[in-house]
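Asks: Dropping the structure in here first, questions after.
Residue numbers (this note's numbering), protein chains in the order written: chain A, 1 to 354; chain B, 355 to 652.
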């Protein structure tokens, strides 16, 4: 089992490298931009897959967590604290002393004093985790329709807040978000000549997160989650603290969404209210469903494929409609996901051990 | 202190929106009672009714256009049930949620490609934008009276329908015990189709009468569906009379929140917060019975 997992991961890394080399050789490395964005979306999707497929809880509010992460980081790294600093605000001075602020110049050459991206990133993740925790306690007690509506309602509230508040740029969102220097030489930004580096940063983040989830579902926690999905009452009776496991996976997947939000925002240099929209959440759910709900590999491949095609503009103005149609068709004819259709087992003699 | 005129003005505004929410909630309840499904595409029926009537009104007189639009929406409701739901054997709740969400997206996108994203409205049934009637010191558009009259009629007719007609009784029977109803010779599957048609029809009627006041747009369905669901849960899922009371309550609350200077942009947040609170604290609704609710599967 362990060696098979290792081979699969090695294969994944090989594919990532191969794609980069091929684009380099064929001179089509403009694909890398969309691939990088796709990989950040995939990070959110595999996190959602843990909640939906393994813990069996639907969430129609994950774009909300993405937005909380992205908006927190974007607003902190673009908010100019220089006036407050010059006025001698004690709070700003203290932050500056701790080395949590950085000075840079804006596009127009004006000096800016903003929060350090690393601090903003960690704060964004912490805030998202806290909100997910607080929301999760009551929400995860709900089931079925009520759970769906409650998470949908949460997503809409986040959307309304970012749309209505001047601090978050209202309908325009936040732009001119600076790059995020992870380590010297490794900067998450949208520079053309930084494309390959960013591609590998995204791949590294995604694969790390993915391995984490793969190990999680093979552990005691993973078996407990599957127990909850199969029969919650039975799992409860076996002594599994179902409420706690559900909450932890919910918070973990929210953190995945927040990381994706932070990095994608720094990569594209901005975030807008549409990133928090209900349609985005529905799209993530659709991709997890297509991948087969309880299949991290399925979620990863389908997330990669569909996000990339959508970003390439293949579906044109029918983008949302395509996802809606896919959702219906999958749920009607292949509720186990396309990768588990009976056709595949005929082609491929070895049966996937679940 | 608020003057009496202003007070009644807000009350009327609240009642107008509230009764529309109640109609959407009743639409949810009708389908929920016969199938146990929450139809996430419920708001789309309201949008379809309004938009179809506006298009038909270009070459049909208004009353005919509305009747035709309602029939059209009923047809859509029936088609949805026959094509997507009828042949599924005991589907899981999660599966049904995802299918109806998918349907709502498809309907919305088709509406966008057919009608574009312009905001349209039906003409006022009587009078025009500036005509008004004075009641209790408040200046009320005659269309508000139309909304109140038509929606009240729907509520009364529906309760008569369920109490006194054979078809209504058969639907009630399916709602309370599907297997027993089938054993009595009721075709349960047809009842489900019929519940979708009925729910689509009342949604469409609501979409038509409210169109002159609130206008119609391709994406109005989601917001209405959320509010309708809030109202349905507030009253207790499945209970239509309680939904009317809950709808009026939410509508008036919203109207007064604007009255006391609450930012308009956060108006949706009010109803959603109410929804979340009621789900956490009293999931069986304000008027519901806790024991009865715990037996249902949500």
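A virtual CB, placed ideally from N, CA and C, is assigned to each residue, including glycine. Predicted, not measured: the structure shown is a model, and the values here were computed from it.
Is the distance from the Cβ of residue 124 (chain A) to the Cβ of residue 273 (chain A) below 8 Å?
Replies: For residue 124 (chain A) and residue 273 (chain A), no; Cβs fall outside 8 Å.
Asks: Would you say residue 436 (chain B) faces chain A, with C-beta separation under 8 Å as the test?
Replies: Residue 436 (chain B) does not count as touching chain A.
Asks: Taking 8 Å as the threshold (beta carbon to beta carbon), is residue 332 (chain A) in contact with chain B?
Replies: Taking Cβ atoms only, chain B reaches closer than 8 Å to residue 332 (chain A), which makes this a yes.
Asks: Please list the partners that residue 282 (chain A) has in chain B, where partner means a Cβ-to-Cβ separation under 8 Å.
Replies: By Cβ distance, chain B contributes 455, 459.
Asks: Whole alpha helix (DSSP H) runs in the segment 542-584 of chain B with 4 or more residues, listed along the chain?
Replies: Those alpha helix (DSSP H) runs which fall completely within the segment 542-584 of chain B and span 4+ residues are 542-568.
Asks: Hey, would you say residue 51 (chain A) sits closer than 8 Å to residue 253 (chain A), going by beta carbons?
Replies: Yes; because the gap between Cβ atoms is below 8 Å, this pair is in contact.
Asks: So residue 290 (chain A) is in the beta strand (DSSP E); what residue range does that whole segment cover?
Replies: Run containing residue 290 (chain A): none in the beta strand (DSSP E); it sits in the alpha helix (DSSP H), 278-291.
Asks: Against chain A, with Cβ distances strictly below 8 Å, would residue 405 (chain B) count as a contact?
Replies: Chain A, which has no Cβ nearer than 8 Å to the Cβ of residue 405 (chain B), makes this no.
Asks: So, residue 394 (chain B) versus residue 579 (chain B), is the Cβ gap smaller than 8 Å?
Replies: Yes.
Asks: Can you name the residues that DSSP bridges to residue 487 (chain B)?
Replies: DSSP, once it has assigned bridges, lists B:494 as partnering residue 487 (chain B).
Asks: Work out the CA separation of residue 153 (chain A) and residue 242 (chain A) for me, nearest whole Å.
Replies: The alpha-carbon atoms of residue 242 (chain A) and residue 153 (chain A) are separated by roughly 24 Å.
Asks: Would you list, in chain order, the members of the segment 626-642 of chain B that have their beta-carbon closer than 8 Å to a beta-carbon of chain A?
Replies: Cβ contacts with chain A: 626, 627, 629, 630, 633, 634, 637.
Asks: I'd like to know if residue 589 (chain B) contacts chain A, where contact means its C-beta is closer than 8 Å to some C-beta of that chain.
Replies: No, its Cβ sits nowhere closer than 8 Å to a Cβ of chain A.
Asks: Answer yes if the segment 254-263 of chain A comes into contact with the segment 118-137 of chain A, meaning at least three C-beta pairs across the two stretches below 8 Å, and no otherwise.
Replies: Yes: at least three Cβ pairs fall under 8 Å.
Asks: Taking the alpha helix (DSSP H) that residue 160 (chain A) belongs to, which residues open and close that run?
Replies: Residue 160 (chain A) -> alpha helix (DSSP H) spans 144-164.
Asks: Identify the residues that DSSP records as bridge partners of residue 180 (chain A): which are they?
Replies: BP columns for residue 180 (chain A) point to A:188.
Asks: For residue 336 (chain A), would you say it is in contact with chain B, using Cβ-to-Cβ distances shorter than 8 Å as the test?
Replies: Chain B contact via Cβ: absent.
Asks: Under 8 Å between C-beta atoms, does residue 37 (chain A) make it to chain B?
Replies: Closer than 8 Å: no.
Asks: Applying a beta-carbon distance threshold of less than 7 Å, which residues of chain A neighbour residue 471 (chain B)?
Replies: Within 7 Å Cβ-Cβ: nothing; residue 471 (chain B) doesn't reach chain A, min ~11 Å.
Asks: What ranges does the beta strand (DSSP E) occupy inside the segment 579-643 of chain B, keeping only unbroken runs of at least 3 residues that lie completely in it?
Replies: Runs of the beta strand (DSSP E) inside the segment 579-643 of chain B: none found.
Asks: The segment 132-151 of chain A: which residues have C-beta closer than 7 Å to a C-beta of chain B, in chain order?
Replies: Here the close residues are 138, 142, 143, 144, 145, 146, 148, 149, 150.
Asks: Using a Cβ-Cβ distance under 8 Å, would residue 398 (chain B) count as near chain A?
Replies: Residue 398 (chain B) does not count as touching chain A.
Asks: In chain B, which residues lie less than 7 Å from residue 320 (chain A) when you measure between Cβ atoms?
Replies: Correct list: 459, 463.
Asks: Under 8 Å: do the segment 282-299 of chain A and the segment 430-439 of chain B share three or more Cβ pairs, one atom per stretch?
Replies: The segment 282-299 of chain A vs the segment 430-439 of chain B: no contact.
Asks: Assign residue 111 (chain A) to one of three DSSP states: helix, strand, or coil.
Replies: In the structure shown, residue 111 (chain A) sits in a strand (DSSP, three-state: E or B).
Asks: Kindly list the residues whose CB is nearer than 7 Å to the CB of residue 75 (chain A), restricted to its own chain and excluding five residues on each side of it in sequence; keep chain order.
Replies: Excluding positions up to five away in sequence, the list reads 167, 168, 174.
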